[in-house]
Amino acid sequence: MCKDARQLARQCKAEALKEQSGESKKYASVKAVENKTGGKYNWRNLIKWCLEKGREIKDIADPNFGTVKICPKEAREEVYGIKLKSIFNN
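In structure tokens:
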């Protein structure tokens, strides 16, 4: 495996771990976004958007609630004008 392929594999694994924690550039939990922005957001609006657009809603483990729903970045951008890439830039 070449150096670039190993680096790409590490980046993909890191992004997958971030998604599992609800802090990804592609999917994020309401709690993670609220912690980063200091705002309050209603998860029901995001779920409604996903259902209307036929987009996938994922479940992730959460220590407080057992599981929580995470929605794709497009939901947050359209509903709340928040770009996940700008708040989860690491």
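When we follow my numbering, the leftmost residue of the sequence shown carries the number 5, and every step to the right adds one.
Each residue gets a CB set at the ideal place from its N, CA and C atoms; glycine is no exception.
CA nearest to the CA of residue i, picked from the options
{"i": "Ala79", "options": "Arg10, Lys30, Gln11, Thr41", "result": "Lys30"}
{"i": "Cys75", "options": "Asn68, Ser90, Lys57", "result": "Lys57"}
{"i": "Tyr45", "options": "Asn93, Ser90, Glu82", "result": "Glu82"}
{"i": "Glu60", "options": "Ala32, Lys40, Tyr84, Ser90", "result": "Ala32"}
Alpha carbon of residue i to alpha carbon of residue j, nearest angstrom
{"i": "Ile64", "j": "Val72", "result": "6 Å"}
{"i": "Ser25", "j": "Leu88", "result": "Caution applies to Ser25, whose pLDDT of 45 falls short of 50 and renders its modelled position unreliable; the model cannot decide the point."}
{"i": "Leu55", "j": "Gly43", "result": "24 Å"}
{"i": "Asn68", "j": "Lys52", "result": "23 Å"}
{"i": "Lys35", "j": "Trp47", "result": "9 Å"}
{"i": "Ile91", "j": "Leu50", "result": "18 Å"}
{"i": "Lys22", "j": "Gly70", "result": "Note that Lys22 scores a pLDDT of 47, beneath 50, so its modelled location is shaky and nothing firm can be said."}
{"i": "Tyr84", "j": "Asn93", "result": "18 Å"}
Strand pairing of residue i, partner residues [DSSP]
{"i": "Ala65", "result": "Thr71"}
Residue i beta carbon near the ligand COA (any heavy atom closer than 8 Å)
{"i": "Lys30", "result": "This structure does not include the ligand COA; it has no bound ligands of any sort."}
Residues near residue i by beta carbon distance below 7 Å, same chain, minus five either side
{"i": "Arg10", "result": "none"}
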